[in-house]
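Numbering-wise, the sequence shown is residues 1 to 513 according to UniProt numbering.
Since the structure comes first, as structure tokens, the remarks are kept for the end.
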Amino acid sequence: MDSFFVAPGANKRQKSDGPTNGFSSPRQPPGRGRGGRGGNSQRGGPRGRGRSSAGRGGPRGAMRGRANGAPANATNGIKDGKKRFRAEEEEILSDESGAEEAEEQILLRRDEEDREEDEETEQEKRLRLTKDYIQQLEEATAGDDKDVGDQLRDEVLDSAGRLRRPVAKEYSGYDEAAVRVFRGHNGHKLAVACVTSNGTIIFSGGKEGTIIKWDVATGKMLKKIALDKTDALGHSGAVLCLALSSDSKFLASGSSDKIIKIWTVADMELYCVFKGHRDLVSGVAFRMNSHELFSCGHDRNVKVWNVDEKAYVETLFGHQNAVCAIDSFYKERCVTAGGQDSSVRIWKILEESQLVFQLPSGSLECISLIDDDHFVTGGDDGSVALWGAHKKKPIYTVRQAHRAPITGEACWVTAIDALKNSDIFASGSHSGEIKVWIVQDGFRGIQLHFTIPVRGFVNSLRFVMNGEMLIAGVGQEHRLGRWWRATDAKNSVCLFTLKKVVSDQPHSDEVER
1 MDSFFVAPGA
11 NKRQKSDGPT
21 NGFSSPRQPP
31 GRGRGGRGGN
41 SQRGGPRGRG
51 RSSAGRGGPR
61 GAMRGRANGA
71 PANATNGIKD
81 GKKRFRAEEE
91 EILSDESGAE
101 EAEEQILLRR
111 DEEDREEDEE
121 TEQEKRLRLT
131 KDYIQQLEEA
141 TAGDDKDVGD
151 QLRDEVLDSA
161 GRLRRPVAKE
171 YSGYDEAAVR
181 VFRGHNGHKL
191 AVACVTSNGT
201 IIFSGGKEGT
211 IIKWDVATGK
221 MLKKIALDKT
231 DALGHSGAVL
241 CLALSSDSKF
251 LASGSSDKII
261 KIWTVADMEL
271 YCVFKGHRDL
281 VSGVAFRMNS
291 HELFSCGHDR
301 NVKVWNVDEK
311 AYVETLFGHQ
321 NAVCAIDSFY
331 KERCVTAGGQ
341 DSSVRIWKIL
351 EESQLVFQLP
361 SGSLECISLI
371 DDDHFVTGGD
381 DGSVALWGAH
391 KKKPIYTVRQ
401 AHRAPITGEA
411 CWVTAIDALK
421 NSDIFASGSH
431 SGEIKVWIVQ
441 DGFRGIQLHF
451 TIPVRGFVNS
461 LRFVMNGEML
471 IAGVGQEHRL
481 GRWWRATDAK
491 NSVCLFTLKK
501 VVSDQPHSDE
511 VER
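This is how it looks when you write it as structure tokens:
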């Protein structure tokens, strides 16, 4: 813009009526007065053209006079004034342009300095937060042999689902004096079919169609959703399965009414309803750190739902008989036990494929993931098996793991649960005891750790609080039928606290590659 700036009046010719540079140039009347070529001369005419001038009168005369050596008079002064004015104007413009450029450079430098200061501030903030977090870890692990680096590594691996914590040897049994039973006069009237918990709250579902929310600390009933034949709020059939999201925000319940209902944990308000199964819903499972829900039913289908969007996603086909159980972990996949079709299937959602593990005979009734690549199952022949995703056959099988106390016959394994990313799991039946197992290093096999006596059908099991507690849903009959009845049992929720072994040797964590 500087090149287009012009001072006011700069392009106008300047006229001078007075002396300029010491020469006199009086105003003449109109005429052609001419001066001598060699210097000052007078030349007149009848029209009064004679005048005293330097060279020719007017601009041309001035130019000729200068060409012939005549001194530059008034016109020369005007020209010199114009040149000086133009030079001064250019100098002023160049000075203004330089000042603006210098000002722009100063502003740019200030902006760069401000950005550098902002970046340093962000870096300093991150550094401060990191130091605070490390200090918190140091205070938390003051009496532990683990250093902060190991603690940070464990947290990163744990968030990715790759950290294995062998905790089985930390427990030697259960604390008989700390056994708690949640029943109450307004509790479940029929068998407790399912339980789930986050350590502070227990949810239980019964065959009479109720869902109860219990407070672990006080043992009191916080909320009860009763059977609702109108299907306006509660289920109109037996509640057969429950699942709690990993952030404890949503509770999913499946029923014999073929419906899945999602509840908000905080106030137990109905969030949404999923319909699509054509037979009873036998299992529900949330993916870890997600609100993606998997369900299975006796219609032989596996379905995927998005709880956040309250939407159905897809249906997975493949089982040839009623699907009895389902589980999921970190990866976008789920595993199912196919019951009478004697198969286990790993459903890979992203790859749109499935892995099939086939047994020659028997029914697979329950299943639980240890990690994304290993799981355990229980069958109707009393067997408990350890599986790997890369082998078609079980890695290790315990035949007749549960037997009747009097006859010694194999008892149907009705429930199984593994503490995720660990080396401990539990199985239950109607044999009068829950068995807790250890998974050997490298998943080479399993061995019995200890037993917990309990009467009735163990319809559901759940480890909580890093394996410190085991919750069991117990009933007089099986959750899916009434083939026989254990009259000496009570329909209740049992909480067992495991007894820790006092040892100075800390356990070591293993990383799953």
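Even for Gly, the Cβ is constructed at its ideal location relative to N, Cα and C.
- Across the structure, GLN358 and THR121 are spaced so that their CA atoms are roughly 60 Å apart.
- Per DSSP, the beta-bridge partners of GLN447 are ILE438.
- CYS194 is the residue among LYS220, ASP228 and CYS194 whose C-alpha sits nearest the C-alpha of GLY283.
- A direct Cα-to-Cα measurement between VAL458 and ARG180 gives close to 16 Å.
- The count of Cβ pairs closer than 8 Å, one atom from the stretch 296 to 303 and one from the stretch 320 to 327, reaches three, so the stretches are in contact.
- When only Cα atoms are considered, LEU419 and LEU386 end up about 14 Å apart.
- In this model, VAL302 and LEU240 are separated by some 16 Å (Cα to Cα).
- DSSP, reduced to helix, strand and coil, places ALA252 within a strand of the structure shown.
- Residue environment: GLU139 is assigned as exposed (fewer than 16 neighbouring CB atoms within 10 Å of its CB, all protein chains considered).
- Under the DSSP assignment, GLN340 falls outside any beta strand (DSSP E); it carries neither an H nor an E label.
- Between LEU480 and GLY428 a beta carbon distance of about 15 Å is seen, past the 8 Å cut, so the two are scored as non-contacting.
- For SER246, the CB contacts under 7 Å within the same chain, skipping 5 residues up- and downstream, are PHE286, MET288 and ASN289 in chain order.
- Following the DSSP letters along the chain, one finds GLY173 inside the beta strand (DSSP E) bounded by residues 171 to 174.
- Cβ neighbours of LEU448 within its own chain (closer than 7 Å, five residues either side excluded): LYS435 and TRP437.
- The beta carbons of ARG278 and LYS490 sit about 34 Å from each other, so the pair does not count as a contact at 8 Å.
- Its chain contains GLY362, SER363, LEU364, GLU365 and VAL413 as the residues whose beta carbon lies nearer than 7 Å to that of GLY379, once the 5 sequence neighbours on both sides are disregarded; these appear in chain order.
- Per DSSP, the beta bridge partners of ASP371 are HIS374.
- Cβ neighbours of LYS310 within its own chain (closer than 7 Å, five residues either side excluded): CYS272.
- Collapsing the DSSP output to three states places ALA193 in a strand.
- Of the other Cβ atoms in all chains shown, 16 or more fall within 10 Å of the Cβ of ASP327; this residue is therefore buried.
- Beta-bridge partners of GLN123 (DSSP): none assigned.
- Residue burial is scored here from C-beta neighbours: LEU316 has at least 16 other C-beta atoms within 10 angstroms and is therefore classed as buried.
- At a Cβ-Cβ threshold of 8 Å, LEU355 and ALA389 count as neighbours.
- The C-alpha of ALA266 lies about 13 Å from the C-alpha of ASN198.
- Between the beta-carbon of HIS291 and that of ASP308 there is about 5 Å, and that keeps the pair under the 8 Å contact cut.
- Taking the CA atoms as reference points, ALA177 sits about 32 Å from SER253.
- If you draw a straight line from the Cα of ASP371 to the Cα of ARG333, it is about 12 Å long.
- Counting the other Cβ atoms within 10 Å of the Cβ of TYR133 gives fewer than 16, which makes it exposed.
- Looking at the DSSP output, TYR312 bridges to TRP305.
- The beta carbon of LYS261 sits closer than 7 Å to those of HIS235, SER253, LEU270 and VAL273, all from its chain and outside the five residues before and after it, given in chain order.
- For ALA191 against LYS207, the beta-carbon gap comes to about 5 Å, under 8 Å, which counts as contact.
- Per the DSSP secondary-structure output, ARG403 pairs in a beta bridge with ALA410.
- DSSP lists SER343 as the bridge partner or partners of GLN358.
- Here LYS224 really is in contact with ASN186; their C-beta atoms are around 7 Å apart, less than 8 Å.
- In this chain, the beta strand (DSSP E) harbouring ARG462 covers 457 to 464.
- Within the model, the alpha-carbon separation for GLU104 versus ARG110 is close to 10 Å.
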